[in-house]
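Below: the structure, in structure tokens.
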Amino acid sequence: MAVELPSLNDHALIYHAKLFAAAHFKQLPTNKLPSFSKGWVYRFRKRPGIYSIRKHGEVASVSASNVVDGHVDMRKLTNMYPLQDIYNRDETSFFYRADCSRTLSSNRKVAGVKADKTRVTMAVATNADGSDKLPLLFIGKAENPRAFKNHNVVEEFGVEYTNSKKARMNGGIFKDWLRTLDLRMGLEKRRILLLVDNVSSHMRPPVALWNVRLEFLPKNTTSMLQPLDQGIIACVKRSFSRIKVEDSIDRYVAGLPQQIISIRTAMDWASRAWNDVTPTIIGNCWVHSSIIPRPDAPMSMRQILCF
């Protein structure tokens, strides 16, 4: 079987350069090796004329209507709770087999590729100071995926899995999740504020909550007010892509064929990616949403994501 060259991006180039240096320059002290920074990889690409090319993607549309009023309303709510008792939860489509959106090429234009549309929904939830990152919840189509045979993903990876007809969040799944969270907070003798976006799957099922105050972010403002959309989910996906690229390169170097990523492997890597998101990153993203107080000094996006 032929060994397939993985798609390359800047991270893949840096990772492979580090492997090469470790194998061929063992005698050199660490301070004599290149830094393998973003600046290094840019200069490395520039010399032979290699460009970073976007292969596919789409521009997200953002509506900023009612954002000012939304800020005021959300701040009134969050001021009533300590940071550790303010939570946000959101769902995102997780195309875990999708290739990198960028590749490296000596040509300005590259041929388009057909994107792998294999998808599950991934639900992410955390509190405002990052001290309580809830287990990731994955929603697939299959009740018992073949990859789960003889495996308990909850125990192995600390994640949760359920299913629905279209692999999307629905009222029943959200209701069950809420009840579990409410029970946990009752056992911990806590009363928390949970902020979610204004979608039908969150609003349809009535459920009695004693320890969770459920509030909805104002309509058409979530991309600007929702903390998880300010970089937290992006960090998870970026870290997942890094893990996937490193696995791909390791297989290529070892002469092994590229693997077709199973849902179980994807959940393992996503759990590792979620663990990589630090409380500092989470706290910075909450501050960037402006629904909790800002520190005195404004932060750049690089500081928010701890680059």
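If you count the sequence shown from 1, position 293 lands on 293 in the UniProt record's numbering, and the numbers rise without skipping. Think of the CB as a built atom: it goes at the ideal place given N, C-alpha and C, for glycine as much as any other residue.
- Separation of residue 244 and residue 146 (C-alpha to C-alpha, rounded to the nearest whole angstrom) is 21 Å.
- Residues 125 of the same chain have their beta carbon placed closer than 6 Å to that of residue 134, with the five preceding and five following residues left out of the count.
- With respect to the 8 Å criterion, residue 233 and residue 121 are not classified as neighbours on the basis of their beta carbons.
- Around the CB of residue 242, 16 or more other CB atoms lie within 10 Å, so the residue is classed as buried.
- For residue 250, the enclosing alpha helix (DSSP H) begins and ends at 232-253.
- Under the rule that a run must span 3 or more residues, the beta strand (DSSP E) segments found entirely inside the stretch 110-163 read 120-127, 137-140 and 160-163.
- For residue 228, there is no enclosing alpha helix (DSSP H), since its DSSP letter is neither H nor E.
- Between residue 194 and residue 212, the beta carbon gap of about 5 Å places them in contact (Cβ cut-off 8 Å).
- As DSSP reads the structure, residue 92 sits in a beta bridge with 122.
- As the crow flies, the alpha-carbon of residue 266 is around 16 Å from that of residue 163.
- Within the DSSP secondary-structure output, residue 214 pairs in a beta bridge with 194.
- For residue 200, the enclosing alpha helix (DSSP H) begins and ends at 200-203.
- Out of 76, 82, 67 and 168, the CA that lies nearest to the CA of residue 95 is found in 168.
- Counting along the chain, the unbroken alpha helix (DSSP H) around residue 276 starts and ends at 263-276.
- In the three-state reduction of the DSSP assignment, residue 281 falls in the helix class.
- Secondary structure of residue 173 (DSSP, three-state): helix.
- Between residue 73 and residue 271, the alpha-carbon positions lie close to 33 Å from each other.
- Partner residues in a beta bridge of residue 291, as assigned by DSSP, do not exist.
- Going by C-alpha positions, residue 77 is about 22 Å away from residue 188.
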